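*Asks:*
2 protein chains.
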Amino acid sequence: MAKIAVTDGMDDTAVSWLEQQGHEVAVASLSVDELMSGALQEFDAIIVRSATKLPVEVLEASRGRLMVIGRAGVGVDNINIAHAGSMGIAVVNAPRASTQSVVELTIAHLLSCVRYVARADRTLRQGQWAKKALKGTELSGKRLGLIGYGRIAQSVASVARSLGMDIHAYDPYLPPKVAKSQGTVLHTSVDDLFRQCTHVSIHCNLTDETRHLVNAERISSMPHIGADGNPCGRHIVNCARGGIVDEDAVSQSLASGVLTSVALDVFENEPVHPDHPLLQMEGFHGTPHIGAATVEAQARVGMDIAANVHAVLAGEACDFVVNDPVA
Amino acid sequence: MAKIAVTDGMDDTAVSWLEQQGHEVAVASLSVDELMSGALQEFDAIIVRSATKLPVEVLEASRGRLMVIGRAGVGVDNINIAHAGSMGIAVVNAPRASTQSVVELTIAHLLSCVRYVARADRTLRQGQWAKKALKGTELSGKRLGLIGYGRIAQSVASVARSLGMDIHAYDPYLPPKVAKSQGTVLHTSVDDLFRQCTHVSIHCNLTDETRHLVNAERISSMPHIGADGNPCGRHIVNCARGGIVDEDAVSQSLASGVLTSVALDVFENEPVHPDHPLLQMEGFHGTPHIGAATVEAQARVGMDIAANVHAVLAGEACDFVVNDPVA
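Quick mapping for you: the protein sequence lines, in order, are chains A and B. Anchor point for the first sequence: position 324 equals 1073 in the working numbering, and the numbering is continuous, going up by one each time. Anchor point for the second sequence: position 208 equals 957 in the working numbering, and the numbering is continuous, going up by one each time.
#1: Val963 of chain B and Val986 of chain B - do their beta-carbons sit closer together than 8 Å?
#2: Consider the Cβ of Ala976 of chain A: report whether some Cβ of chain B lies at a distance smaller than 8 Å.
#3: Report the rounded CA-to-CA distance for Asp757 of chain A versus Tyr898 of chain A, giving the unit in angstroms.
#4: By a C-beta neighbour count over all protein chains shown, 10 Å radius and 16 as the cutoff for buried, is Ile974 of chain B buried or exposed?
#5: Who pairs with Phe1033 of chain B in a beta bridge, going by DSSP?
#6: So which residues of chain A does Ser907 of chain B contact, with C-beta pairs closer than 7 Å?
#7: Compare the C-alpha of Leu1008 of chain A against each of A:Glu966, A:Gln931, A:His772 and name the closest.
#8: Can you check which of these residues, B:Ile896, B:Ala902, B:Met836, B:Thr886, is closest to Arg814 of chain B by C-alpha distance?
#9: Please state the DSSP three-state secondary structure of Asn954 of chain B.
#10: One question on the structure: do Ile968 of chain B and Ser1002 of chain B come within less than 8 Å of each other, judged by their Cβ atoms?
#11: For the alpha helix (DSSP H) containing Glu887 of chain B, list its first residue and its last residue.
#12: Please report the distance separating the alpha-carbon of Ser847 of chain A from that of Glu783 of chain A.
#13: For Thr1043 of chain A, return the contacting residues in chain B, with the cut-off set at a CB-CB distance below 7 Å.
#14: If distances are taken between C-alpha atoms only, which option among A:Asp940, A:His1034, A:Asn979 comes closest to Ser1000 of chain A?
#15: Closer than 9 Å between beta carbons: that is the criterion. Which residues of the stretch 832-855 of chain A meet it against chain B?
#16: Taking C-beta pairs closer than 7 Å, name the residues in chain A that Trp878 of chain B reaches, listed in chain order.
#17: Is the CB of His917 of chain A under 8 Å away from at least one CB in chain B?
#18: Could you check where the beta strand (DSSP E) with Gly894 of chain A kicks off and where it finishes?
#19: Does Gly1032 of chain A pass the burial test, meaning 16 or more other C-beta atoms within 10 Å, or should it be called exposed?
#20: Give the straight-line distance between the Cα atoms of Ala989 of chain B and Val934 of chain A, rounded to the nearest whole angstrom.
#21: Hey, does Ile980 of chain B have any beta-carbon neighbour from chain A nearer than 8 Å?
#22: Taking only beta-carbon positions, decide if Ser780 of chain A is within less than 8 Å of chain B.
#23: Determine, for Asp760 of chain B, whether the minimum Cβ-Cβ distance to residues of chain A falls below 8 Å.
#24: Going by alpha carbons, who is nearest to Ala1056 of chain A out of A:Ser780, A:Gln877, A:Ala794, A:Leu808?
#25: Closest by CA to Glu896 of chain B, which one among B:Leu803, B:Met971, B:Cys953, B:Gln1029?
#26: Using the rule of at least 16 other Cβ atoms within 10 Å of the residue's Cβ for burial, across every protein chain shown, is His917 of chain B buried or exposed?
#27: Could you tell me the alpha carbon to alpha carbon distance between Pro921 of chain A and His772 of chain A, rounded to whole angstroms?
#28: Below 8 Å on the Cβ atoms is my contact criterion, and I expect Ala777 of chain B with Ile796 of chain B to pass it. Report the Cβ-Cβ distance as a whole number of Å.
#29: Candidates A:Leu1013, A:Arg983, A:Asp1024, A:Val1021: which alpha carbon is nearest Ser1005 of chain A's?
#30: Just to confirm the assignment: which complete beta strand (DSSP E) runs, minimum length 3, are found wholly within the stretch 763-816 of chain B?
#31: Nearest chain C C-beta to Val755 of chain A closer than 8 Å, yes or no?
#32: Evaluate Ala775 of chain A with the Cβ neighbour count: other Cβ atoms within 10 Å of its Cβ, from every protein chain shown; 16 or more gives buried, anything less gives exposed.
#33: Go to Ile985 of chain A, then tell me how far its alpha helix (DSSP H) extends in each direction, as first and last residue.
#34: Using a C-beta to C-beta distance shorter than 7 Å, which residues of chain A count as neighbours of His1034 of chain B?
#35: Please list, in chain order, all residues of the same chain as Glu1045 of chain A whose beta carbon is under 8 Å from its beta carbon, the five residues on each side excluded.
#36: By the criterion of Cβ-Cβ separation under 7 Å, what are the contact partners of Trp861 of chain B in chain A?
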């Protein structure tokens, strides 16, 4: 039996399941002060989403019984996974639960950008019939560049292909045969991908390597004429992590007309400040980090992370350990 | 050489092509008074979009040389095609040009409805971070019911299937083997389809038979739990023709919570009146009849209708005559 802290909430079904395995589960948020004062010392495991931050200082303050950190979701940038590993703490995530939800939001944004769905709805509600101002373009016949080509990107590719798009990808961590086997053009340089694609969607982690990967220079290197010869402009979608897109560069590129549209579900600072310059721009399309905000994803993520945390506690094999905990 | 009136505009390339075939093309809108006064008597052909109306009275006032009416688009409800036929006038359309554009807008609306894309963008621009209020549902695992199963619906089915939806269809004019060969469940009654599907999209013509086909009773007969067991609510999309959806019934169903969302690109009266009750409702998603409003569709439709009108004038075979002109 282990003691498990759940600090950012979890589906009831998953809590009950952990209790049925014999664990004691404490569902309660912990303040930074509590974390820094060693509130986790008495726990064997902690399950977080993105709200609870676990930097070096908090991990050090948690020395004691802690052997596994569960992240109910994909991105682990709120956890210092290397330091956790050096302390022998395994970090597990639940990457599959939200895949389909993020894929569907990405396609929603791609289509909505080129057809002005949000602007059309907004102007209609304001009593305008803006049909003539809303001549869009088709995705069909255009090149979609995917930065990162993991589970989510591969599913985006499959739907985008059914819409008639040609798929390009850049992922330095992917065996080339994965992409080739699906008919995707794999680029060995991210600059090459931008130079080839009118539409780019982000599906990588936020790391030092990917911070501000989407910058002014790369945006301006994108073609604005589609592979089918139609003038479709340049479009960027980010449903992955804030910070990969340089928001200042995007604002300036929209203002100058170099960039036609940007759709962001994630931002450098969340919640977005009401005075953020992007919020005033016609070419901006925003959603408040709802990539995984579906009934289906939330039900799945609770059960997935419960199973993964239990596996580590029980000394069983787990495919979802994202760091290298020292023995 | 024939004289051709183009009253609702046409792509320059298509006008030039008709002139190269030896025709005289007059691009100018004609008022109802001019049409009723016989302005078309001196023309062999007229090419319209949806703005120019050609009812019995206008057709009668046009008796003279008129032998072909070209509709640069799909729907011919602005033309009395039976009466034109009785006068020996062929009506041709250009149904393929806008197919992909309408398909993409339909998928955009389906995805945007279940993920609140327009509302998310609207509230973000208002300075709100409404993440918690915007928990949506996935399309994957749900049943999509298609009313009408022609070119557009079949392409919608293909993309929706790639998103993980199960496809149902109702089309009394379709050979059953067409649907079966694609794995689509074909219903012999439209009521059956509504009783099976949480998501319904309209892809038929407006006729006496289909007017107000989407009514309060059918909406309330839809399941609100998805085929995958998740509570997804009820969703209607119409990118076909206004009038097929009973807007009063939809407003009341949204107000009572029976209907979760409706996305309309077409309306019973266009432009929509600024006081239309739907414009105030959260579950409404509107676009101002932009299904065919893309660079690609407009380029294709001009060339398609020019070719079809020329074929009739030249006495050649044309697959796109939609009435039975008497010899």
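Don't be surprised by glycine CBs; every beta carbon is placed ideally from N, CA and C. Only a predicted model underlies this, so the values are computations on that prediction, with no experimental measurement involved.
*Replies:* Let's see:
#1: For this step, residue 986 of chain B is matched to residue 237 along the second sequence. For this step, residue 963 of chain B is matched to residue 214 along the second sequence. No, these two residues do not count as a Cβ contact at 8 Å.
#2: Numbered from 1 along the first sequence, position 227 holds the residue referred to as residue 976 of chain A. So no, Ala976 of chain A is outside the interface.
#3: Position 8 of the first sequence holds residue 757 of chain A. Position 149 of the first sequence holds residue 898 of chain A. Roughly 29 Å separates the two Cα atoms.
#4: Taking the second sequence and counting its residues from 1, one reaches residue 974 of chain B at position 225. Result: exposed.
#5: Locating residue 1033 of chain B in the second sequence gives position 284, where the first residue counts as 1. According to DSSP, which records beta bridges pairwise, Phe1033 of chain B is partnered with B:Val1011.
#6: Here the question's residue 907 of chain B lines up with position 158 in the second sequence. Those are Ser911, listed as they occur along chain A.
#7: If you number the first sequence from 1, residue 1008 of chain A lands on position 259. Comparing Cα-Cα distances from Leu1008 of chain A to each of A:Glu966, A:Gln931, A:His772, the minimum goes to A:Glu966.
#8: The residue given as residue 814 of chain B occupies position 65 in the second sequence. Measuring from the Cα of Arg814 of chain B, the nearest candidate turns out to be B:Met836.
#9: The residue given as residue 954 of chain B occupies position 205 in the second sequence. Correct three-state label for Asn954 of chain B: coil.
#10: Position 219 of the second sequence, counted from the start, is the residue given in the question as residue 968 of chain B. Position 253 of the second sequence, counted from the start, is the residue given in the question as residue 1002 of chain B. Against a cut-off of 8 Å, the Cβ pair of Ser1002 of chain B and Ile968 of chain B comes out as a contact.
#11: Translated into positions along the second sequence, residue 887 of chain B becomes position 138. Neither: Glu887 of chain B is in no alpha helix (DSSP H) and is coded neither H nor E.
#12: To locate residue 847 of chain A, count along the first sequence from 1; it is residue 98. To locate residue 783 of chain A, count along the first sequence from 1; it is residue 34. Answer to the nearest angstrom: the Cα atoms are 30 Å apart.
#13: On the first sequence, position 294 is the one that residue 1043 of chain A refers to. Within chain B, the residues near Thr1043 of chain A are Lys884, Gly885, Thr886, Glu887.
#14: To locate residue 1000 of chain A, count along the first sequence from 1; it is residue 251. Ser1000 of chain A has its Cα closest to that of A:His1034, out of A:Asp940, A:His1034, A:Asn979.
#15: Gln849, Ser850, Val852, Glu853, Leu854
#16: The residue you call residue 878 of chain B lines up with position 129 of the second sequence. By Cβ distance, chain A contributes Pro1020, Val1021, Pro1037.
#17: What you label residue 917 of chain A is simply residue 168 of the first sequence in a count that begins at 1. So no, His917 of chain A is outside the interface.
#18: Against the first sequence, residue 894 of chain A aligns to sequence position 145. Per DSSP, Gly894 of chain A belongs to the beta strand (DSSP E) from 892-896.
#19: Along the first sequence, one-based indexing puts residue 1032 of chain A at 283. Result: buried.
#20: By one-based count along the second sequence, residue 989 of chain B stands at place 240. By one-based count along the first sequence, residue 934 of chain A stands at place 185. Taking the straight line joining both Cα atoms gives about 36 Å.
#21: Start at 1 with the first residue of the second sequence, and residue 980 of chain B comes out as number 231. Reading the sequence as shown, one finds Pro at residue 980 of chain B and not Ile. Chain A contact via Cβ: present.
#22: The count along the first sequence starts at 1 and reaches residue 780 of chain A at position 31. Not one chain B Cβ lies under 8 Å of Ser780 of chain A.
#23: One-based indexing of the second sequence puts residue 760 of chain B at position 11. Not one chain A Cβ lies under 8 Å of Asp760 of chain B.
#24: In the first sequence, the residue the question calls residue 1056 of chain A occupies position 307. Checking every option, the nearest Cα to that of Ala1056 of chain A belongs to A:Ala794.
#25: By one-based count along the second sequence, residue 896 of chain B stands at place 147. Looking at the sequence provided, one finds Ile at residue 896 of chain B rather than Glu. Comparing Cα positions, the closest option is B:Cys953.
#26: Walking along the second sequence from the start, residue 917 of chain B turns up at place 168. Classification for His917 of chain B: buried.
#27: For the purposes of this step, residue 921 of chain A is taken as the residue at position 172 of the first sequence. For the purposes of this step, residue 772 of chain A is taken as the residue at position 23 of the first sequence. So the alpha carbons of these two residues sit roughly 40 Å apart.
#28: The residue you call residue 777 of chain B lines up with position 28 of the second sequence. The residue you call residue 796 of chain B lines up with position 47 of the second sequence. That belief does not hold up - the Cβ atoms of Ala777 of chain B and Ile796 of chain B are roughly 12 Å apart, past 8 Å.
#29: If you number the first sequence from 1, residue 1005 of chain A lands on position 256. Here the closest residue by C-alpha is A:Arg983.
#30: 773-776, 794-797
#31: Among the protein chains in the structure shown, which are A and B, there is no chain C.
#32: As a first step, residue 775 of chain A must be located in the first sequence, where it is residue number 26. The residue in question, Ala775 of chain A, is exposed, as its Cβ has fewer than 16 Cβ neighbours within 10 Å.
#33: Counting from one through the first sequence, the residue named residue 985 of chain A turns up at place 236. Note, Ile985 of chain A: premise wrong, no alpha helix (DSSP H); beta strand (DSSP E) at 984-987.
#34: Taking the first residue of the second sequence as 1, we reach residue 1034 of chain B at position 285. Chain A residues near His1034 of chain B: Asp870.
#35: In the first sequence, residue 1045 of chain A corresponds to position 296, counting from 1. The residues are Gln849, Ser850.
#36: Taking the second sequence and counting its residues from 1, the one referred to as residue 861 of chain B is at position 112. Looking at the sequence provided, one finds Ser at residue 861 of chain B rather than Trp. Per Cβ cutoff of 7 Å: Ala857, Ser861, Val866.
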